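In the numbering used here, the protein residues as written are 2 to 237.
The beta-carbon is built from N, C-alpha and C at its ideal position, and this holds for glycine as well.
Computed from a prediction, not measured in an experiment: that's the story for all the values here.
Below: one structure, written as structure tokens.
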Amino acid sequence: MKLFNLVLIAFAIFVLGSCKKDSENDVTPKYEDSDFPSDEGKDTIWVSNVDELKATVNSTKEGNKVVLIKDGTYVLDTRLWLTGENLIYRGASEDRSKVVIKGKGMGSQNVGYIFSVAGDNFAVKDITIGEVYFHGIQVHGELDADNVYIQNVRFYDIRQQMIKGSYDKNQPGNYSENCVVEGCLFEYTAGHSFYYYCGGVDVHHGVNWRISDCTFKNIYSPEAGKLSEGAISFLE
Numbered sequence: 002m003k004l005f006n007l008v009l010i011a012f013a014i015f016v017l018g019s020c021k022k023d024s025e026n027d028v029t030p031k032y033e034d035s036d037f038p039s040d041e042g043k044d045t046i047w048v049s050n051v052d053e054l055k056a057t058v059n060s061t062k063e064g065n066k067v068v069l070i071k072d073g074t075y076v077l078d079t080r081l082w083l084t085g086e087n088l089i090y091r092g093a094s095e096d097r098s099k100v101v102i103k104g105k106g107m108g109s110q111n112v113g114y115i116f117s118v119a120g121d122n123f124a125v126k127d128i129t130i131g132e133v134y135f136h137g138i139q140v141h142g143e144l145d146a147d148n149v150y151i152q153n154v155r156f157y158d159i160r161q162q163m164i165k166g167s168y169d170k171n172q173p174g175n176y177s178e179n180c181v182v183e184g185c186l187f188e189y190t191a192g193h194s195f196y197y198y199c200g201g202v203d204v205h206h207g208v209n210w211r212i213s214d215c216t217f218k219n220i221y222s223p224e225a226g227k228l229s230e231g232a233i234s235f236l237e
């Protein structure tokens with residue numbers, strides 16, 4: 002194994018050790034110096050049902066939008082593929098337990114993702130997402146999506162990695178960079194994952210990612226002899 006990979010493993014262990022240990026205190030973390038993007042200069046879109054949420058895929062294409070999601074459970078039948086820049090999605094009540102966006106379950110490929118991020122400067126906070134086949138949030142590094150900020154989001158029961166930073170070796174100049182994950186909860190509610198190929202945060206060829214003040218629960222393989230990717234994985 003390359004020294005680079007050893008350093009990344011050590012980094013992952015350090016970050017995991019510094020994460021919160023008590024997920025019962027499921028409230029919005031307070032960050033005095035948080036750099037979460039401002040709503041200033043952005044138009045506001047209010048969402049109160051799943052059709053309105055799905056419609057934001059088109060209404061945010063021009064960028065500079067804040068999507069405020071009212072309390073409720075939103076069951077998607079397709080991913081939210083976002084190409085606009087300078088977008089914020091957040092729960093209007095600032096209580097992540099009251100805004101749940103989910104798919105059809107870990108065993109159904111009908112909904113593979115919640116957010117697929119293809120543009121720069123995407124931010125999300127104060128929501129819960131889960132019950133999809135692949136990833137809760139995929140940051141498409143192969144499309145050069147950068148500057149993603151994920152704060153106070155609960156991720157649960159996602160078949161593979163809950164946050165994915167993807168990469169295409171045929172486009173080596175494109176990768177995700179300058180991304181933040183803070184104050185988030187990652188968990189499998191059954192006490193283990195659905196499938197061995199799972200993880201909390203999995204980033205390929207990412208640059209300048211920061212993960213802090215997070216909690217990871219029950220992220221391990223249900224299959225004997227097969228290892229999961231663990232809480233945090235950064236690959237060269």
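Practice problem: Flag this pair as yes or no: are the beta carbons of I151 and V112 separated by less than 8 Å? | Solution: no
Practice problem: Tell me whether E41 is buried or exposed, calling it buried when 16 or more other Cβ atoms sit within 10 Å of its Cβ. | Solution: exposed
Quiz prompt | Separation of E183 from I212, as counted between CA atoms | solution = 6 Å
Self-check item: Candidates L88, F235, Y198 and I130: closest to Q161 by CA position
Solution: Y198
Practice problem: Please go through the same chain and pick out, in chain order, the residues whose beta-carbon is closer than 6 Å to the beta-carbon of N26, but skip the five residues on each side of it. | Solution: Residue placement at N26 cannot be trusted, given a pLDDT of 46 that sits under 50; what the coordinates show is reported in the next sentence. Hits under 6 Å: none found.
Practice problem: Kindly indicate which residue of A232, S117, V48 and I130 has the alpha-carbon position closest to the one of N219. | Solution: A232
Practice problem: Pair every Cβ in the stretch 59-67 with every Cβ in the stretch 103-112, then say whether three or more of these pairs are closer than 8 Å. | Solution: no
Quiz item: What did DSSP end up calling T45 once you bin it into helix, strand or coil?
Solution: strand
Practice problem: Note down, one range per segment and in chain order, each beta strand (DSSP E) of at least 3 residues found wholly within the stretch 45-111. | Solution: 66-70, 73-76, 81-83, 88-92 and 100-103
Quiz item: What's the C-alpha gap between A93 and N175?
Solution: 33 Å
Self-check item: Reduced DSSP category for L144 - H, G, I as helix; E, B as strand; rest coil
Solution: helix
Quiz item: Of the residues Y134, K99 and D127, which one's Cα is nearest the Cα of L77?
Solution: Y134
Quiz item: How should E237 be labelled, buried or exposed, when 16 other C-beta atoms within 10 angstroms of its C-beta is the threshold for buried?
Solution: exposed
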